[in-house]
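Contents: one structure, followed by commentary.
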Amino acid sequence: DIYIVGVCLGAQLLSVAYGGKYEHSPEREIGVFPLTLTDEGLADEHIKDFGSTLNTGHWHGDMPGLSDKAVVLATSKGYPHQIICFSPKHYAFQAHLEFDLEAIDLLIAADGEEHLYQQNKQLDFVQTPEQLHNHDYSQMNKKLFAFLDSLTQI
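Count the sequence shown with the numbering used here and you get residues 1021 to 1174, in order.
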């Protein structure tokens, strides 16, 4: 039994492997928005140091579904399933704690700036390219590294 951390599509695939089904989320999220840890998240030995809230990166419209044994560890206003624990060694992160400015530039180029401006006008949780460039991604990166380090300490 090894640790598996699924991120974004990987989170959705992990959900399917556990018998869940990926779902369309209530909201599309593109940008940096806070996660709120659930009581189970605050008690989880690997993510409790995220604090009660943590600003994280988002670029998604689907989310992992839940299986019978899934435990939701974090939510956001737009997504009820941001971090899920499927087993003590299997975590699903819909949020992107790995984002940095280089990744943001690539994602903006792939989606197109004009498309993001249009979505920003129509959707509550889509930020503009300027907003995306104005975030400091270092804190979420540090939390991701601490989470990954914690997996090797057991």
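Each residue gets a CB set at the ideal place from its N, CA and C atoms; glycine is no exception.
Because the structure is a prediction, the values reported are computed rather than measured.
Item	Value
Could you check if His1135 is buried or exposed, using at least 16 other CB atoms within 10 Å of its CB as the buried criterion?	exposed
Leaving aside the five residues before and after Ala1166 along the sequence, list all residues of the same chain whose C-beta is less than 8 angstroms from its C-beta, in chain order.	Asp1069
For a test of the three-state rule: what should DSSP assign to Leu1127, helix, strand or coil?	helix
In the DSSP assignment, the alpha helix (DSSP H) including Phe1106 goes from what residue to what residue?	Unbroken run through Phe1106 is the beta strand (DSSP E), 1103-1107; no alpha helix (DSSP H).
Using the three-state DSSP reduction, which class does Phe1113 fall into: helix, strand or coil?	strand
Excluding five sequence neighbours on each side, which residues of the same chain lie with their C-beta closer than 6 angstroms to the C-beta of Lys1097?	none
So for His1066, helix, strand or coil by DSSP?	coil
Quick one: grab the DSSP three-state call for Gly1098.	coil
Rounded to the nearest angstrom, what separates Gly970 and Thr1148 at their Cα positions?	No answer is possible for residue 970: it lies beyond the span of the chain, which begins at 1021 and ends at 1174.
Please name the residue or residues paired with Thr1076 in a DSSP beta bridge.	Phe1053
Where does Gln1102 land, buried or exposed, given buried means 16+ other C-beta within 10 angstroms?	buried
Could you check how far apart the C-beta atoms of Ala1031 and Pro1108 are, in whole angstroms? I think they sit under 8 angstroms.	Not really, about 17 angstroms apart at Cβ, beyond 8 angstroms.
So is Thr1076 buried or exposed if we call it buried at 16+ other beta carbons inside 10 Å?	buried
Ignoring anything shorter than 4 residues or poking outside the stretch 1022-1050, list the alpha helix (DSSP H) runs there in chain order.	1029-1037
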